[in-house]
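2 protein chains.
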Amino acid sequence: MFHRVKGMMKNNVKKNKMVYFFDEGKKEMRELLGGKGANLAEMTSLNVPVPSGFTITTETCDQYYVQGKKFPKGLKEQVDANIKKLESKINAKFNDKTNPLLVSVRSGAANSMPGMMDTILNLGINDQVVQTLINKTQNKRFAYDTYRRFIQMFGNVVMGVEHHDFEQEIQKIKDKRKVHYDTELTADDLKELVKNYKTLILKVTKKSFPEDPRIQLDMSIEAVFGSWNNPRAIAYRRLNDIKGLKGTAVNIQAMVFGNMGESSGTGVCFSRNPSTGENKFYGEYLMNSQGEDVVAGIRTPKHIEGLEKQNPKVYKQLVAIKNKIEKHFKDMQDMEFTIQEGKLHVLQTRNGKRTAHGAVKIAVDMVNEKLIDKKTALLRVAPESLDQLLHKQIDPKAKTGVIATGLPASPGAAVGRIVFTAERAEEVAKNEKVVLVRTETSPEDLIGMSVSQGILTARGGMTSHAAVVARGMGKCCVSGCQDIVVDEKAKTLTIKKKNLVLKEMDYITLDGSLGQVFKGSLGLVEPNLSGDFSILMEWADEFRKLKIRANADIPRDAKVARAFGAEGIGLCRTEHMFFDGDRIKAMRKMILANNEIERRKALAELLPFQKSDFLGLFKEMNGLPVTIRLLDPPLHEFLPKGQKEIKELAKELKVTPEWIMQISKNLHEVNPMLGHRGCRLGITYPEITEMQVQAIMEAACELTKQKVDVKPEIMVPLVGKVEELINQKEVIKRIADQVMKKYNVKVDYLIGTMIEVPRAALTADEIAVEAEFFSFGTNDLTQMTLGFSRDDIGKFLPDYLKKNIYEKDPFAVLDQTGVGLLVRMACEKGRKIRKDIKLGICGEHGGEPKSVEFCHRAGLDYVSCSPYRVPIARLAAAQAVLK
Amino acid sequence: MFHRVKGMMKNNVKKNKMVYFFDEGKKEMRELLGGKGANLAEMTSLNVPVPSGFTITTETCDQYYVQGKKFPKGLKEQVDANIKKLESKINAKFNDKTNPLLVSVRSGAANSMPGMMDTILNLGINDQVVQTLINKTQNKRFAYDTYRRFIQMFGNVVMGVEHHDFEQEIQKIKDKRKVHYDTELTADDLKELVKNYKTLILKVTKKSFPEDPRIQLDMSIEAVFGSWNNPRAIAYRRLNDIKGLKGTAVNIQAMVFGNMGESSGTGVCFSRNPSTGENKFYGEYLMNSQGEDVVAGIRTPKHIEGLEKQNPKVYKQLVAIKNKIEKHFKDMQDMEFTIQEGKLHVLQTRNGKRTAHGAVKIAVDMVNEKLIDKKTALLRVAPESLDQLLHKQIDPKAKTGVIATGLPASPGAAVGRIVFTAERAEEVAKNEKVVLVRTETSPEDLIGMSVSQGILTARGGMTSHAAVVARGMGKCCVSGCQDIVVDEKAKTLTIKKKNLVLKEMDYITLDGSLGQVFKGSLGLVEPNLSGDFSILMEWADEFRKLKIRANADIPRDAKVARAFGAEGIGLCRTEHMFFDGDRIKAMRKMILANNEIERRKALAELLPFQKSDFLGLFKEMNGLPVTIRLLDPPLHEFLPKGQKEIKELAKELKVTPEWIMQISKNLHEVNPMLGHRGCRLGITYPEITEMQVQAIMEAACELTKQKVDVKPEIMVPLVGKVEELINQKEVIKRIADQVMKKYNVKVDYLIGTMIEVPRAALTADEIAVEAEFFSFGTNDLTQMTLGFSRDDIGKFLPDYLKKNIYEKDPFAVLDQTGVGLLVRMACEKGRKIRKDIKLGICGEHGGEPKSVEFCHRAGLDYVSCSPYRVPIARLAAAQAVLK
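Chains as they are written, first to last, in my numbering: chain A, 1 to 883; chain B, 884 to 1766.
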């Protein structure tokens, strides 16, 4: 009994330790002390010259909220004790007449949330202390400048007076003194400003500015706690998917001053170049300044190399420190430092943010330097960031003047002349680069899209037709750009906000990675897939278990995919082959056929086209599997919509336009997504499946005879009930046997199905009896499982994200709880019946790192994604193993 | 060891017993001997005068197919042995010179499949036997007539010569003889016909007619086996949902002849009246005739009472037999008998088919007679058949001349003048009965539908708007009538097939139970809910566990539902309240509002309407729960479509028609089923939910004060993620609290959700944390789980049913494997988290007997269905317990 009580008390004591002095912590205590606090503690124990201080834990912040925004019991006492320790350590005291203690109060969560939460500097100053400072430094201007900076920061952050109100007070004095810059104000001006600031605070808040440093401190701690849940911080956490944190820690640290004359200064430095990744000391500093001056950009900071001349001793010390802590933290460090009267203080260190390019180089270099192992290196690069490396970018130097912003639908950059129709794109693209600008795109625009540099649409989300097709083609696309109004008839692109009208053949530039639109023709830079990139990819391949395939419909895309490391085609959408020139005509003839005989005639015209496509694709993927999905979309997608086109088609097919419109009307569906498509087409018109299988198998047979290693996998789409697969399998086998007999050659091929209808996942055991592979079509599976039409989600998804109903667009990041459960059920049921069933995913999620990780855990054999996302998937798959 | 071998041998012997003589079987051996065989055996053991014979088992038929359509080993020997037994029993032999054996060969599966499979009579006759017959009967005409009948039947059924070819041969002779009727042909004519028949068979089949009775028998057995899988039989089994049978048995039975003169005859009789159910001997007979003559309808059979005069001894014997076997089989019997030269033979008995009316009366009577118990009585009535009793029917005497056939979308009958628009329906209905005829209906037609007698549409399936709404209103509807072309503008209804054009104000009659359309005004008969019906319903209520609720939107429907025994409203679709007069205007104002303020203003106009609806509904359902679903359909459904209506609305709301069209365009969705609807509306426009909850709670509070017992259950539609429910729950609770505070009264109400999105079922455990009840919306759940748009399914479902991919329309009969799995998962997950969670179903399946049985097994608390299906559900729920 006694033991238990004692144990509980111990726990309580431990639980009640709310404050850690810097010498009590270490870098592993990040969850408790926040990133900044843990690293300050670690540096302290490394004997790096860190100004003394202590950290209030993140759990205390949690307690603060749990108790209804009240300080937990005992916090004040623990802060008092640590203040005492700090005072004795640096021999300074709050309100001391000779050596007054000034501190900074900074937020710092376990995950970095730069600039999202509050900071107060110079805390401890008041009317009395400012006099002591003057006496001590003999620098009245410095003392009053410090004082007014503190009141301004405290008044704004803690007491809630608008920043703008303080700025007005400064302006008033400057006007009175007829000066232009803050620096031109004298010590007395600043003294007057202090008085005016206090009056302002009293007027706005009905409360006096508190002179007692201890009260200043409590108010500041509370303000930092409060800033954990300010709207900016909440939004930042949502956007960056930061979850499960307790709150922010609060770091209270003795102030040092970079603005105490020309032997003082402040700076920021990186242990390596964060932009290029080069192992070269990199940074900026400014003498006689405080941190905010470096950031504010009024004075131009100097390159860190300059410090070597200015203060060789400090420079040498800084280099030694950065070497020491980089080695210690085993990652590129981003440090803040201050020089106070010739003495160096390091205020902060953290793992530095870096460009994708930098990340790759640093990771590879550090392995070569034996600082980290390959696993760590692989975990250091965010897969998503690789996108930057694989596409053209706007030259950073040239980038200026965004005229509109839409969704970053497909990464890269594009420059070209504006065209408003697919036909016009084809014409103009013969001589000039074009950018296709449309309200929204449809399958008819496919050719026009393929000849354009980029696509800009006013409507449609991240998974609209334009976005999906563009990503597939590796083409830059900005979609859903609500700032613009496109008038295809008048051939104008209007940006009301900017009072701007662009016309056909005007130049435009797109940044698909950021969703930005620029006027005119900006310079682009080519992607640079350095040796480091391919080294990192090879390492990823060593570790990953998932195979990576690509979604590619034509030989050109297949080639790109293979170059990026794809190990097969996971999805070839045969319908994309039907939109080109004569093909669409034959396709339309097929659709408009009166009966099976006419339909077969039209299909016979399509056969050679399909066959030649497959010949190209199989050749390109020699030795690798190619999954071919049979015709999927509803037939009405292939019919012309416009009056003019209908008339032309009617003339060509020798029918009346009314007939075409009648057929169109008959084919119209209320919910085409849930209509007559997928295997439902093949079941009602077996002759379509027959033609497609004939084309696939003839190509495969011919190439097999030419010693090309062909591995076709024929995929039946939209199966929901095993009987559908049985029906189509009979057709496939029958035709395949016929063709192989004709060519007198045997081709090993598989027959499998998409799992994209919830019912298919639910009855995967029944389906696995017939299917040699499952490919999860998570786009459609998400649509049906969630009941979200991808094309209509724009009407409510923004609200859903804002109200935290969904954290992310479920079409971008797989909904692991709902859709994921179906995927896991189907895998389990499928493997139970057919042990060696091949399992893959070919939805848009196949290239999204979090979803790739899910696929790894679910035990899939492969993921398939757009060619340009193959490297991302390779890295994500490796990380999934290493996590 | 020895034991095992012996055991196995025993099994083998048992397994190999392929033939049972009638004295070896009993009625419990139905699976093995088929219904007919088992009953013949049973009658034999009851000493009913059944002609001797034997039965080849259904398993033998299965073996026949398993072995590639070959007789299993040993079958011939067993048949031989039984023939021998038969011959010795009746002292007749195949080919015997004095007493030749003639037999019938009849099919007979475990389930009755009347007329679907083959029968051969008079087998054993040939050129020699016919002479013996002549000698024996001294009736040459009878002998040759028997012979030619056999050749004709055998030639057609066994040898595959067209029936028509035989008829031509008869015609030739009749022409030659210049006679009109078969009966006018002489013995010699028939003899000539026999010769001609044989020549015909040889010519068509290149095979001779076999003279050997034993060969005739084998060929006939094989033909009967073969008929098990003829297309008619397969279709019959699919339509009647007959599954799991091994095949057909074959009954070989000594022939008796009803056509051996005026002391012979044949007949069919029922132990009770199958039409009215009256306990009165009922039947028909014809002297000097064979069974086919009774059926053929050339001679008019006489009522069975006539036999009492004609042959009192036989009549008395027949009555005694029918009494005996009805008592023995404990069900109304349908018997076939033959009198051969004054001696009675019973050829068959089976449970008789009966009308719904008859079924109810017989079931109740037999309980009163203590012949069966209540449980048995309840199982004797097919729930679906009750539909006939609840609606008006076309007077059977008046029923003639179907002009078109569509889907039997909503039962009952309707007579009225044709109108082509809802507006016109309203006008004309003031003075005359109308039938609304449209290509398809939309929510705007609601009022027009409600004033019509019935609805006829050219498009749309069993679950189209017209069908669902009509069933809800208990109104007759024929939907998807592809025979008709409706021109709403020209006000014509064209039936091309019949070369018929009907105009506005022409009379038309519909049979919604059969999907038939008649020209003109046919007489109708009112439903007659006799005392027996309500007795049966009370018995059902004693046994069933499921509660039965109704889907009803307005007080009038609620009243009907309560009268039919509904124990609550399971689904009140609030949107149906918005289509009437001023309401639709306010609704449209709300939709066209520019901002929240305008929207709130329009909602305030809707509030009193909603409130008065709820007042009526709650009053009607005093003491019973009422589940109210918040607004569900996408807003564009409420906007006018036609130019004229748009112009009118624009004028009224003082906006431009362009503005309305623009809003319409903005609201347009590619897949409205998966779009901005359900709780998604309430989340983006919380003010809509607020208004609805205010209306519900104000009505509830007012009535509570008036001592009405109000039990509202507020249901949030289309939830897929618990966060959606949390969001709406906050609004509901907030407003409910406000209203209850205002009225100073407490109303017990529940908050729950539809489970209609697959994700909701998959995450039902999470949702159950917040939901007090689940109501499975199996319509939408089926749409999303199967990926079938209800509105578009017509394009492929017919093919799917034909190709046996689905056995039934999954919107009519719940897909238990797929959708059912989700329902079961959700029940389990829901109950795990919240033990007392209320579970119900409110989809169209709630009134379908098989689906009701599923709901019982899944452990739901209630089903909810259209008011007119409540009795069906009550009976089905009782049967689910008893099965």
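Note that CB positions come from ideal geometry on N, CA and C, so glycine has one too.
Nearest neighbour of residue i, chosen from the options [CA to CA]
| i | options | result |
| --- | --- | --- |
| A/V256 | A/H345, A/K206 and A/T205 | A/H345 |
| A/A109 | A/T98, A/F94, A/P100 and A/I56 | A/I56 |
| B/I1767 | B/T1020, B/M999, B/T1029 and B/E1306 | Because residue 1767 of chain B is not part of the residues shown, which for chain B are 884 to 1766, the question remains open. |
| B/D1465 | B/K1524, B/L1532, B/P1093 and B/A1435 | B/L1532 |
| B/K1226 | B/E1145, B/I1418 and B/C1738 | B/E1145 |
| A/V435 | A/L502, A/K850, A/P758 and A/I548 | A/L502 |
| B/R1757 | B/K1548, B/T1587, B/K1715 and B/P1266 | B/P1266 |
Terminal residues of the alpha helix (DSSP H) in which residue i lies
| i | result |
| --- | --- |
| A/C61 | T58 to V66 |
| A/F533 | G531 to F543 |
| A/F618 | E596 to E620 |
| B/D1465 | G1464 to L1475 |
| B/Q1021 | First-last for B/Q1021: undefined, no H or E at that position. |
Own chain residues within Cβ distance below 6 angstroms of residue i, not counting five before or after
| i | result |
| --- | --- |
| A/K375 | L882 |
| A/E336 | V268, L347 and Q348 |
| A/Q317 | L344 |
| A/M587 | F578 and F638 |
| A/F150 | N122 and I125 |
Own chain residues within Cβ distance below 8 angstroms of residue i, not counting five before or after
| i | result |
| --- | --- |
| B/S928 | D906 and K909 |
| B/N894 | The predicted position of B/N894 is uncertain, since its pLDDT is 45 and thus under 50; no value can be drawn from it. |
| A/F94 | I83, E87, P100, L101, G124, P213 and R214 |
Residue range of the beta strand (DSSP E) that includes residue i
| i | result |
| --- | --- |
| A/K343 | K343 to N351 |
| B/C1152 | G1148 to F1153 |
| B/K1207 | It is not in any beta strand (DSSP E) - B/K1207 instead sits in the alpha helix (DSSP H) that spans P1195 to F1212. |
| A/A404 | V402 to T405 |
Neighbourhood of residue i by C-beta, 7 angstroms cutoff - its chain only, sequence neighbours within 5 removed
| i | result |
| --- | --- |
| B/R887 | With a pLDDT of 45 at B/R887, under the threshold of 50, the modelled position of that residue is not reliable, and the figure given next carries that caveat. Excluding residues within five positions, none has a Cβ falling inside 7 angstroms. |
| A/Q78 | M18 and V19 |
Problem - Contiguous alpha helix (DSSP H) assignments of at least 4 residues, all confined to the region 144 to 193 of chain A - result: 163 to 177
Problem - Uninterrupted alpha helix (DSSP H) stretches inside the region 1666 to 1728 of chain B (no shorter than 4 residues) - result: 1680 to 1685 and 1702 to 1716
Exercise for the section: Taking a Cβ distance cut-off of 8 angstroms, strictly less, list which residues of the region 797 to 816 of chain A are near chain B, in chain order. Expected result: D799, Y800, K803, N804, I805, Y806 and D815
Handout entry: Near-chain A residues of the region 1591 to 1605 of chain B (beta-carbon distance less than 9 angstroms), N- to C-terminal order
Key = Per Cβ criterion, the list reads L1601, G1603 and K1604.
Handout entry: Start-end ranges of the alpha helix (DSSP H) lying completely within the region 736 to 772 of chain A, minimum 4 residues
Key = The region 736 to 772 of chain A contains, as complete alpha helix (DSSP H) runs of 4+ residues, the segments 758 to 762 and 764 to 768 (chain order).
Problem - Short-range partners of chain A found in the region 1605 to 1618 of chain B, where Cβ spacing is below 8 angstroms - result: E1606, E1607 and N1610
Problem - Members of the region 838 to 872 of chain A that neighbour chain B once the beta carbon cut-off is set at 7 angstroms - result: none
Exercise for the section: Scan the region 1088 to 1168 of chain B and note each continuous beta strand (DSSP E) run of 3 residues or more that stays entirely inside, going in chain order. Expected result: 1132 to 1137 and 1148 to 1153
Problem - Selection of the region 1252 to 1285 of chain B by Cβ proximity to chain A, strictly under 7 angstroms - result: none
Handout entry: Members of the region 1641 to 1653 of chain B that neighbour chain A once the beta carbon cut-off is set at 7 angstroms
Key = P1641, R1642, L1645 and T1646
Exercise for the section: With 8 angstroms as the limit, tell me which residues of the region 641 to 655 of chain A have their beta carbon closer than that to any beta carbon of chain B; keep them in chain order. Expected result: none
Problem - Residues within the region 1461 to 1490 of chain B neighbouring chain A, beta-carbon criterion of under 9 angstroms - result: none
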